[in-house]
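**Student:** For the sequence shown, the numbering used here begins at 141 and goes up steadily by one.
For every residue, glycine included, the Cβ atom is placed at its ideal position computed from N, Cα and C.
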Amino acid sequence: GPTPAARGGTNRFVWNLRYPGFTDFPGMILWSASSNGPLAVPGRYQVRLTVDGQTQTQPFEVRIDPRIRNVTVADLQKRFDLAIQIRDRVTQANESVIAIRDMKSQIDERIKAANHAEVTRAGEALKQNLGAVEGELYQVRNRSNQDPLNYPIKLNNKIGALMGIVESAESAPTAQSYEVFRDLSAKLDAELAKLNATLDRDLAAYNRLLQQRGLAPVTRPPIKA
Numbered sequence: 141g142p143t144p145a146a147r148g149g150t151n152r153f154v155w156n157l158r159y160p161g162f163t164d165f166p167g168m169i170l171w172s173a174s175s176n177g178p179l180a181v182p183g184r185y186q187v188r189l190t191v192d193g194q195t196q197t198q199p200f201e202v203r204i205d206p207r208i209r210n211v212t213v214a215d216l217q218k219r220f221d222l223a224i225q226i227r228d229r230v231t232q233a234n235e236s237v238i239a240i241r242d243m244k245s246q247i248d249e250r251i252k253a254a255n256h257a258e259v260t261r262a263g264e265a266l267k268q269n270l271g272a273v274e275g276e277l278y279q280v281r282n283r284s285n286q287d288p289l290n291y292p293i294k295l296n297n298k299i300g301a302l303m304g305i306v307e308s309a310e311s312a313p314t315a316q317s318y319e320v321f322r323d324l325s326a327k328l329d330a331e332l333a334k335l336n337a338t339l340d341r342d343l344a345a346y347n348r349l350l351q352q353r354g355l356a357p358v359t360r361p362p363i364k365a
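1. Quick check on L362: does DSSP put it in helix, strand or coil?
2. Taking the beta carbon of T143 as the centre, do at least 16 other beta carbons fall within 10 Å, making it buried, or is it exposed?
3. For P361, does the count of other Cβ atoms within 10 angstroms reach 16, so buried, or fall short, so exposed?
4. Find the nearest neighbour of A356 within the set N297, Y278, N296 and A253, judged by alpha-carbon distance.
5. Short of 8 Å in beta carbon distance, which residues of its chain neighbour Q232, apart from the five on each side in sequence? Order them along the chain.
6. Could you compute how far the alpha carbon of N269 sits from the alpha carbon of F200?
7. DSSP three-state label for V202, please.
8. How many angstroms separate the CA atom of K334 from the CA atom of I293?
9. From what residue to what residue does the beta strand (DSSP E) around V191 run?
10. Judging by CA-CA distance, which residue of A312, N336, Q316 and R348 is the nearest neighbour of L216?
11. Would you check if the stretch 165 to 177 and the stretch 281 to 289 touch, i.e. whether three or more CB-CB distances between them fall below 8 Å?
12. Can you give the Cα-Cα distance for S245 and G263, rounded to whole angstroms?
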């Protein structure tokens with residue numbers, strides 16, 4: 141999250157009342173979705189300042205906008221809870237894209253080092269299987285902010301766009317928002333299960349092939365399913 145300046149003299153730090161957003165990756169382009177984290181729920185908080193080993197803590201309160209009627213802290217807590225779940229699922233999708241790209245890069249390195257037809261063939265097939273999941277998690281054809289007009293958004297974008305809908309009103313989420321979130325979460329789970337199955341089967345076989353040629357195996361990053 142943001143950190144205050146450490147210059148000599150008086151410094152001011154303004155919290156925008158938002159929690160940290162989802163993990164992103166270089167070149168990521170989303171449509172109607174941003175990496176802003178969920179808004180804090182009204183309530184009591186603490187600010188802690190440490191300077192030269194000395195710490196002071198001060199309480200403060202975030203209040204409901206007095207102009208808003210017929211909304212409770214419980215309603216806004218429900219909104220926050222769903223927004224956090226949305227953020228974490230987008231993070232999961234994006235971290236999986238990062239992991240896939242890392243493994244594809246490792247495979248390219250092994251293909252170059254081996255200079256062997258079987259290592260190349262198996263490596264390209266594995267990259268294709270990994271890329272199929274990557275393409276469902278993120279619209280890989282996006283190169284500019286206008287590209288989503290031509291290419292359909294994928295799971296990370298669909299889930300991320302739901303954040304704006306959930307936070308568009310000072311109220312509890314609608315039944316439709318919960319339903320959409322469950323549907324998109326199930327689709328994400330299916331893709332992550334497919335990815336893990338590919339790693340269990342194809343990556344394991346590829347690493348055995350690499351070991352036979354005295355090459356280091358491709359490292360498998362953890363994929364949360």
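**Tutor:** This is what the structure gives:
1. This sequence places Pro at residue 362; Leu is not what is there. Three-state result, P362: coil.
2. Exposed, because fewer than 16 other Cβ atoms sit within 10 Å of the Cβ of T143.
3. exposed
4. A253
5. L328, L332 and K364
6. 51 Å
7. strand
8. If you take the alpha carbons of K334 and I293, they lie about 20 Å apart.
9. G183 to V191
10. A312
11. The stretch 281 to 289, when compared against the stretch 165 to 177, does touch it at the 8 Å Cβ threshold.
12. 11 Å
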